[in-house]
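Undergrad: Take this structure, written in structure tokens, and hold onto it; I'll ask about it next.
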Amino acid sequence: MEKIIVARTGNEAMAEAMRQINPDVCAAYPITPATEIMQIFAGFVNDGKVKTNLITVESEHSAMSACIGSAASGARTMTATSSQGLALMHEILFIASGIRLPIVMADVNRALSAPINIHCDHSDTMAERDSGWIQIFSENTQEAYDSMLQANRIAEHKDVITPVMVTTDGFIISHGMERLEMYPDAEVQKFVGEYKGPYNVLDVDHPITVGSIVLTDYYFEYKKAQREAMKAAKRVILEVGKEFGKTFGREYGLIETYKCDDADYIMIAMGSTAGTAKAAIEELRKEGIKAGLLKIRVFRPFPAEEIAAVLAKAKAVAVLDRAESMSNQAGPVATEVKAGLFDAGVKVPLASYIYGLGGREIFLEDLKNVYRELKNIAEGKSKPEQAKYIGLKE
Amino acid sequence: MTIKPNLKTWKDITIGGVVESGTSEHFHTGGWRSKVPVWKKENCIQCMTCWAFCPDDAIKVVQGAKGKERGEFDYNFCKGCGICPEECPQNNKALKDLKAKDASLKVSPSTATGVPGFDEKAAILFVGLKEAKDKFNIK
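So the sequence lines, in the order shown, correspond to chains R and W. Letter by letter, the first sequence follows residues 2 to 395 of this note's numbering. Letter by letter, the second sequence follows residues 8 to 146 of this note's numbering.
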């Protein structure tokens with residue numbers, strides 16, 4: 002297949018993906034650093050490059066509410082936001098997943114206030130980890146583009162019917178220009194396919210009520226149904242990722258492993274830091290340190306078994322969190338990894354780190370030091386610490 | 008609509024709580040009331056004020072000798088709100104708000120479950136949902 006090689010920022014790539022998907026409706030409110038996605042997309046609407054009905058609203062709470070109305074009316078619906086915007090959507094996110102609407106959202110990871118900060122960390126996305134949305138993280142612009150093209154297929158699959166958010170790291174990916182391989186519009190549209198919504202509230206021949214009250218009698222059953230959909234999502238994400246690979250040449254899974262096969266020391270990271278870790282591994286391998294990376298691409302549903310299987314052979318593991326949960330324990334990713342290891346009966350020394358909050362830079366040397374600490378832990382020279390801050394002024 | 012008397016499991020409920028229309032017909036809300044209005048036909052002037060004010064569908068319109076006229080209460084849907092006696096221009100001569108002690112005014116069991124009880128609403132809704140599932144090919 003012909004590939005179009007272009008230079009694009011993460012925001013441009015996500016807007017291009019949306020142009021190719023050509024959703025029926027987008028409802029959005031601007032927020033740094035995600036503003037550009039909808040700004041560029043609004044240009045596509047204005048130029049007649051898409052047939053999308055773009056709804057400008059007065060807040061993110063309204064944006065997600067409008068998305069729900071649209072999706073419940075049988076329209077393929079997408080939006081984009083970040084940080085405080087995602088937080089303002091909080092209440093409505095649970096409704097979107099609860100009434101099972103396959104909305105797709107681009108979320109550009111940015112720190113939550115206070116202090117007010119516009120730069121990258123994962124605290125906005127992590128705060129919505131229990132919202133019932135599928136969460137896919139991107140290492141770079143290419144992954145952001147590719148995952149956006151897969152998101153509708155996953156969200157709309159009959160066994161899933163659950164909203165999906167695809168995230169990029171604020172500024173690092175969203176505003177960083179990279180080489181991007183795009184695919185022809187017609188091929189993308191063929192892959193994404195026609196929209197077939199779960200129901201249509203505007204079908205006057207089959208009138209329905211959406212969003213009715215369900216109390217102690219059946220609320221519980223609805224949550225179980227959602228849980229099963231999340232379980233099915235693991236299979237569907239793999240199926241779609243495989244088909245994407247066959248069609249466009251890049252296969253995607255729940256996790257990505259980099260040099261883990263013979264690795265003594267494995268680091269777990271998400272988002273753009275995974276790229277930095279790969280560079281660190283290359284340098285450490287020259288020093289004879291067998292380092293590997295486990296990148297979590299899909300945080301919801303959480304690939305616990307898959308992670309435990311990779312970590313089973315490691316001598317020491319480091320989990321990097323770009324969010325604080327203020328629990329006095331490890332960050333959210335490390336906590337989930339540990340729970341997965343416990344369930345799988347895998348006992349491995351595990352150190353957890355917090356880094357990059359509010360856009361604090363993470364350097365190659367920082368990550369190399371993490372691997373060196375893992376080596377010391379494995380050799381019994383030090384004990385694994387929890388929630389150790391990397392790059393803190395102290 | 009075929010109403011089956013068994014309650015549904017999580018596997019049977021439809022996607023996202025979608026409810027088919029018209030299910031309230033099978034959900035007898037009369038069970039909520041503490042008071043019940045009684046109609047005295049001999050004092051009724053057929054002004055239809057009560058019919059217009061009834062927030063549910065508890066006052067039936069029937070075919071009379073001179074055309075359509077007010078019929079008996081459908082107590083399955085009367086929640087005892089007291090609006091009809093309040094609005095009656097006959098000053099309680101035609102409609103009285105009484106304590107519900109008369110066994111004949113009992114609410115009949117909802118048609119969905121065959122038994123009155125807390126789960127009946129859900130059962131009715133979900134039977135409706137099941138139909139919605141079939142209609143919309145929802146898995």
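All C-beta atoms, glycine included, are put in the ideal place defined by N, C-alpha and C.
Between the C-alpha atoms of W:Lys15 and R:Ser84, what's the straight-line distance to the nearest angstrom?
TA: As a working mapping, residue 15 of chain W is identified with position 8 in the second sequence. As a working mapping, residue 84 of chain R is identified with position 83 in the first sequence. Near 40 angstroms, if we compare the C-alpha coordinates of R:Ser84 and W:Lys15.
Undergrad: Given that R:Arg101 touches chain W, what residues does it touch there, using C-beta distances under 7 angstroms?
TA: Within the first sequence, the letter at position 100 stands for residue 101 of chain R. The answer, in chain order, is Ile22, Gly23.
Undergrad: Kindly indicate the opening and closing residues of the alpha helix (DSSP H) around R:Pro333.
TA: As a working note, residue 333 of chain R is residue 332 in the first sequence. Unbroken alpha helix (DSSP H) run through R:Pro333: 333 to 345.
Undergrad: Just how far apart, CA to CA, sit R:Asn329 and R:Ser353?
TA: Position 328 of the first sequence holds residue 329 of chain R. Position 352 of the first sequence holds residue 353 of chain R. One C-alpha to the other measures close to 12 angstroms.
Undergrad: Going by beta-carbon coordinates alone, are W:Ala65 and W:Lys42 separated by less than 9 angstroms?
TA: Residue mapping note: residue 65 of chain W aligns to position 58 of the second sequence, counting from 1. Residue mapping note: residue 42 of chain W aligns to position 35 of the second sequence, counting from 1. Not a contact, by the Cβ cut-off of 9 angstroms.
Undergrad: Can you tell me where the alpha helix (DSSP H) holding R:Phe192 begins and where it ends?
TA: For the purposes of this step, residue 192 of chain R is taken as the residue at position 191 of the first sequence. Looking at the DSSP string, the run of the alpha helix (DSSP H) that includes R:Phe192 is 186 to 193.
Undergrad: Please classify R:Lys287: does DSSP put it in a helix, a strand, or coil?
TA: Reading the first sequence from its first residue, position 286 is the one you call residue 287 of chain R. R:Lys287: helix per DSSP, three-state reduction.
Undergrad: Mind checking who R:Ile355 pairs with in its DSSP beta bridge?
TA: For this step, residue 355 of chain R is matched to residue 354 along the first sequence. Note: R:Ile355 sits in a beta bridge opposite R:Asp322, R:Tyr390.
Undergrad: Quick one, which residues of the stretch 234 to 248 of chain R are near chain W if we go by CB-CB under 9 angstroms, in chain order?
TA: Taking 9 angstroms as the Cβ-Cβ cut-off against chain W, none of the residues of the stretch 234 to 248 of chain R qualify.
Undergrad: Kindly indicate if chain R contains any beta-carbon less than 9 angstroms away from that of W:Glu27.
TA: Here residue 27 of chain W corresponds to residue number 20 of the second sequence, with the count starting at 1. Cβ-Cβ to chain R under 9 angstroms: yes for W:Glu27.
Undergrad: Would you please verify whether the beta carbon of W:Lys15 is less than 9 angstroms from any beta carbon of chain R?
TA: Along the second sequence, read from residue 1 onward, the residue named residue 15 of chain W stands at position 8. It does: the Cβ of W:Lys15 has a partner Cβ on chain R nearer than 9 angstroms.
Undergrad: Of the choices R:Leu393, R:Ile174, R:Lys369, R:Val318, whose alpha-carbon is the least far from that of R:Pro385?
TA: The count along the first sequence starts at 1 and reaches residue 385 of chain R at position 384. It is R:Val318.
Undergrad: Chain W beta carbons: is any one of them nearer than 9 angstroms to that of R:Tyr200?
TA: As a working mapping, residue 200 of chain R is identified with position 199 in the first sequence. So yes, R:Tyr200 belongs to the interface.
Undergrad: Terminal residues of the continuous alpha helix (DSSP H) containing R:Asp147?
TA: Along the first sequence, read from residue 1 onward, the residue named residue 147 of chain R stands at position 146. Taken as a continuous stretch (DSSP letters only), the alpha helix (DSSP H) holding R:Asp147 covers 142 to 157.
Undergrad: Check whether the stretch 11 to 31 of chain R touches the stretch 56 to 65 of chain R, taking contact to mean three or more Cβ pairs, one atom from each stretch, closer than 8 angstroms.
TA: At 8 angstroms Cβ cutoff, the stretches touch.
Undergrad: Is DSSP giving R:Lys455 helix, strand or coil here?
TA: Missing from the structure shown is residue 455 of chain R; chain R here goes from 2 to 395 and no further.
Undergrad: Where does R:Asn72 fall in DSSP's three states?
TA: As a working note, residue 72 of chain R is residue 71 in the first sequence. Asn is not the amino acid found at residue 72 of chain R; the sequence shown has Ala there. Of the three classes helix, strand and coil, the one that applies to R:Ala72 here is helix, per DSSP.
Undergrad: Anyone know if the C-beta pair for R:Glu252 and R:Ile5 falls short of 9 angstroms?
TA: Taking the first residue of the first sequence as 1, we reach residue 252 of chain R at position 251. Taking the first residue of the first sequence as 1, we reach residue 5 of chain R at position 4. Taking 9 angstroms as the Cβ cut-off, R:Glu252 and R:Ile5 do not qualify as a contacting pair.
Undergrad: Please identify the residue among R:Asp48, R:Leu365, R:Ala88, R:Ser124 whose C-alpha is closest to the C-alpha of R:Ile355.
TA: By 1-based counting over the first sequence, the position of residue 355 of chain R is 354. Selected option, being the one with the closest Cα: R:Ser124.
Undergrad: If you check the beta carbons only, do R:Pro129 and R:Leu89 fall under 9 angstroms apart?
TA: Position 128 of the first sequence, counting from 1, holds the residue named residue 129 of chain R. Position 88 of the first sequence, counting from 1, holds the residue named residue 89 of chain R. One point to set straight first is that residue 129 of chain R is Glu, not Pro, in the sequence displayed. No, Cβ-Cβ distance for R:Glu129 and R:Leu89 is not below 9 angstroms.
Undergrad: Is the CB-CB distance between R:Ala292 and R:Met271 below 9 angstroms?
TA: Walking along the first sequence from the start, residue 292 of chain R turns up at place 291. Walking along the first sequence from the start, residue 271 of chain R turns up at place 270. Not a contact, by the Cβ cut-off of 9 angstroms.
Undergrad: Under a CB-based cut-off of 9 angstroms, is R:Phe221 close to chain W?
TA: Taking the first sequence and counting its residues from 1, the one referred to as residue 221 of chain R is at position 220. Yes, its Cβ sits closer than 9 angstroms to a Cβ of chain W.
Undergrad: If we ignore side chains and look at the alpha-carbon of each, how far apart do R:Cys261 and R:Pro164 end up?
TA: Counting from one through the first sequence, the residue named residue 261 of chain R turns up at place 260. Counting from one through the first sequence, the residue named residue 164 of chain R turns up at place 163. Approximately 31 angstroms, taken between the alpha carbons.
Undergrad: Counting only beta-carbon atoms, is W:Lys86 nearer than 9 angstroms to chain R?
TA: Position 79 of the second sequence holds residue 86 of chain W. So, not an interface residue.
Undergrad: Please report the straight-line C-alpha distance between R:Ala313 and R:Ser66, rounded to a whole angstrom.
TA: Within the first sequence, the letter at position 312 stands for residue 313 of chain R. Within the first sequence, the letter at position 65 stands for residue 66 of chain R. Distance between the alpha carbons of R:Ala313 and R:Ser66: 44 angstroms.
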